[in-house]
Every structure is written in structure tokens, then in C-alpha cells.
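Each remark here refers to the structure printed beneath this line.
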Amino acid sequence: MGSWILGGVVVIAANAGGTWTPIGDVTTTMLWIHGQISTVETMKGLFIPAVVSVAVPLALLSLTSEASGDGPDTSNVMASEQMAPRGQLVLSVGIGALIFVPVFKSLTGLPPYMGMLLGLGVLWILTDAIHHGESERQRLKVPQALSRIDTQGAVFFLGILLSVSSLEAAGILRELANYLDTHIPNIELIACSIGIVSAIIDNVPLVAAAMGMLVAYCAGTGGSMLVIGSSAGVAFMGMEKVDFFWYFRKVSGYAFAGYAAGIAAYLAAQNLHSSGSFSFWILNYDIKKPTWIP
């Protein structure tokens with residue numbers, strides 16, 4: 001039970017951590033590709049809400065009986081060996097390839113997946129060169145790693161994308177967008193509603209509304225409220241055989257609390273920024289025209 005609670009926290013943290021960078025989540029990546037968000041502004045604007053959306057569930061879960069028990073016995077666990085220099089090199093190149101994707105897009109104008117494939121090719125060449133002639137280390141090469149991809153999760157999301165694409169082709173998603181625009185005049189409330197819907201429908205197709213950073217946050221973290229709402233949750237179900245209703249009873253409420261707290265943090269930061277910009281405008285106006293205020 002304790003490992004399930006920890007896994008639920010990992011799902012929340014994985015979804016929140018992916019929202020504040022353009023390459024951390026499919027949602028933000030789609031918005032970034034279509035020019036709705038920028039790299040620097042997204043990282044600055046969504047980092048604090050992402051941290052808050054994880055800190056609040058952690059704080060609340062730490063008060064529960066499931067999380068307050070003793071941890072696992074690690075007295076007989078030997079200290080793990082340090083990573084070999086070649087492993088450190090591969091890890092560094094892999095992280096560098098991920099970080100290079102936004103730079104690649106800005107320099108070449110090509111789609112980000114081209115940068116990802118370029119990074120994969122570099123890793124492929126590197127691992128083949130490092131382990132050349134070592135038959136016992138074939139499992140460390142890229143072809144063997146690709147064979148261990150979670151195909152069930154990929155097929156799951158392929159089915160979701162196909163089903164939602166059919167709704168889009170039928171015009172239902174456009175009607176939903178028009179309904180929200182008509183009955184909910186506030187754009188922040190629409191984004192929050194999209195986040196709640198993303199707990200049921202995967203967050204990827206919901207970014208068609210393209211309303212900026214708040215949509216990226218809401219669609220990304222809203223998927224934590226149900227275990228089937230994100231790729232991290234689906235992977236958690238497959239690895240730990242977690243029951244849907246157990247996650248709903250034990251984790252969904254804390255995920256919603258973090259989701260709402262992150263929205264509050266985002267709106268507070270935006271209001272503070274707007275107030276600061278307005279104060280700067282007033283001060284600048286007074287300096288240029290001191291007769292404005294008698």
C-alpha cells in the first residue's frame with residue numbers, strides 16, 4: 001500500500017514536472033510547436049505553479065496514516081555501485097540531446113521530432129561505438145532499448161487520439177469549444193474546465209483551444225486527477241497493477257487540491273506581474289508629465 005501511495009505521488013510529480021518546459025509534456029510541446037507559448041516565458045511562468053501542485057499533495061499526504069508509517073527496511077541493502085564513466089557519458093549525451101531540441105527548432109525551423117530523432121541517432125552511434133565487439137553488452141545498445149518500449153501505453157494513447165480525432169472530424173469538439181466560449185466568458189475558467197475534462201479525456205487533443213500557458217498547466221496537471229488521465233498514470237497502472245477506484249479514493253482528491261493550488265499560484269503571479277507593470281506605467285507617466293497629478 002505504501003508503494004502505491006508513493007507511485008501516486010510520482011504520477012502527480014511527473015505530470016506537474018512536464019508542464020513547465022516545452023519538451024516535458026506532449027501538451028506543452030504541441031502548444032510550443034504551434035507558436036502559442038515560448039520557451040523562456042513558459043519556464044518562468046509555470047515553474048512555481050508546478051512546484052505548488054506537487055507540494056500541496058505531498059503536504060496533505062504526509063498527514064495521512066498511509067504515509068506516516070515506517071519506511072522499508074534498508075539495513076541489508078548494499079550501497080549501489082557508482083555509474084561507470086561510459087554510463088555517465090551516455091546519460092550526459094542523452095540529457096544534452098533533450099535540451100538541444102528547442103535550440104534545434106529555433107535554429108533550423110524544423111519540427112521538434114526531427115531534433116529528437118537526431119538525438120536518438122547520436123545516442124545510437126555512441127552506444128554502438130562504446131560497446132563495439134562486446135557481445136555481453138548488446139542489451140545496452142539502442143536497438144535493445146527500443147525493444148523494451150512500453151508498447152501497451154503507446155497503443156493506448158493511439159486509440160485515444162483516434163477516438164478524439166473522430167470527435168473533431170464530427171465537429172463535436174468545435175461545438176464544445178463554442179459552448180464554453182458562450183457560457184463561460186472568463187478565459188481562465190475555460191482553461192480550468194479543460195483541465196478537469198483532461199482527467200477523463202487525454203490532455204493531448206484538448207490543447208486545440210490553444211489559450212496559452214494556463215492551458216498547458218491545466219491540461220498537463222489535470223490528468224493526475226484520474227489514473228487514466230495521463231501516460232504516467234497508465235504506466236503506473238501497468239507496472240503496479242493499481243486499481244482505478246483505489247487511485248480515485250486515495251489520490252484523486254490530493255491531486256485536485258494540488259491542481260487548484262497551482263492555478264491559484266499562477267493567477268496570483270499573473271496579477272502581481274500586471275500590478276507591477278501598471279505601477280511602473282504610472283511612475284513613468286508621472287516622471288514625464290508631473291502635472292498629471294495635482
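Residue numbers for the sequence shown follow this note's numbering, so the first one is 1 and each next one is one higher.
For every residue, glycine included, the Cβ atom is placed at its ideal position computed from N, Cα and C.
Per DSSP, what kind of secondary structure is residue 154 in: helix, strand or coil? helix
With a 10 Å radius around its C-beta and 16 neighbouring C-beta atoms as the bar for buried, classify residue 32 as buried or exposed. buried
On the CB-based measure, 16 or more other CB atoms within 10 Å of its CB, does residue 121 come out buried or exposed? exposed
Rounded straight-line distance, which links the Cα of residue 21 to that of residue 51: 13 angstroms
Reduced DSSP category for residue 148 - H, G, I as helix; E, B as strand; rest coil: coil
If we ignore side chains and look at the alpha-carbon of each, how far apart do residue 40 and residue 133 end up? 44 angstroms
Nearest-angstrom beta carbon gap, residue 54 and residue 13 [assumed within contact, 8 angstroms]: 5 angstroms
Between the C-alpha atoms of residue 168 and residue 256, what's the straight-line distance to the nearest angstrom? 27 angstroms
Residues of its chain near residue 37, where Cβ-Cβ distance is below 8 angstroms and the 5 sequence neighbours each way are ignored: 22, 28, 31, 212, 213 and 216
Within 10 angstroms of its Cβ, does residue 103 collect 16 or more other Cβ (buried), or is it exposed? exposed
Cβ atoms of residue 93 and residue 116: under 8 angstroms apart, would you say? no
Go through its chain and collect everything with a Cβ distance to residue 10's Cβ below 8 angstroms, but skip five positions before and after it. 232 and 236
Can you look up residue 227 in the DSSP assignment and give me helix, strand or coil? coil
Beta-carbon separation of residue 241 and residue 5 under 8 angstroms? no
When we look at the beta-carbon of residue 62 and count the other beta-carbons within 10 Å, is it buried (16 or more) or exposed? exposed
Top-ranked residue by Cα proximity to residue 19, from 159, 170 and 262: 262
Compute the Euclidean distance between the alpha carbons of residue 125 and residue 136, then round it to the nearest angstrom. 18 angstroms
Say the cut is 7 angstroms; is the CB of residue 23 nearer than that to a heavy atom of the ligand ZN? Looking at this structure, you won't find the ligand ZN or any other ligand, since it has none at all.
Spatial neighbours of residue 8 within its chain, please: C-beta separation below 6 angstroms, excluding the five flanking residues on both sides. 251
From residue 265 to residue 56, what distance separates their C-alpha atoms? 11 angstroms
Could you check what DSSP says for residue 128 in three-state terms: helix, strand or coil? helix
Jot down the residue ranges of each uninterrupted alpha helix (DSSP H) in the segment 8 to 71, minimum 4 residues, whole runs only, in chain order. 26 to 33 and 39 to 61
Can you say whether residue 46 is buried or exposed, counting buried as having 16 or more other CB atoms within 10 angstroms of its CB? buried
Going by beta-carbon coordinates alone, are residue 48 and residue 260 separated by less than 8 angstroms? no
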